[in-house]
Amino acid sequence: MSPATSRNGHGPTGQQADVDLDLLYSYWPAQDGAPTPLYEAPASANVRVLIGGHEVQWTLRGHDEGAVFARLQTLLARKEVTPLPARPAPRQGQGPPRRSQGA
56 MSPATSRNGH GPTGQQADVD LDLLYSYWPA QDGAPTPLYE APASANVRVL
106 IGGHEVQWTL RGHDEGAVFA RLQTLLARKE VTPLPARPAP RQGQGPPRRS
156 QGA
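Residue numbers (my numbering): 56 to 158.
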């Protein structure tokens, strides 16, 4: 750290925002070594729903499939959570739309 930067490494010393950040950081406990890694949850579920007219993807994670499923049922039972409207099925023999090839 050069003398021209504050203890938090942002900008020259003495700017009020940096002084405020240094004060905030002084209250945080020091980190001991490397952070604990976050492992992938053994059970998870993703669901797309409407909440207040907005499409939301909600991810539920846990250690037990039964518990995640129970939480999913609880989520879907909430009155402000509604299913997405059904998408129209593609017509028989019609694949996904293709991009036109420009010149």
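Where is the CB? At the ideal position from N, CA and C, for every residue including glycine.
Shown here, S99 sits in a strand according to DSSP, grouped into three states. Taking C-beta separations shorter than 8 Å and ignoring five residues to either side along the sequence, the partners of F124 in its chain run A100, following chain order. According to DSSP, residue pairing for R116 in a beta bridge involves S99.
Membership of Q71 in the alpha helix (DSSP H) is indicated by the continuous run 71-82. Boundaries of the beta strand (DSSP E) harbouring P138: 136-138, taken from the DSSP string. In this structure, DSSP gives L127 a helical state, which the three-state scheme calls helix. In the DSSP assignment, L105 forms a beta bridge with E110, T137.
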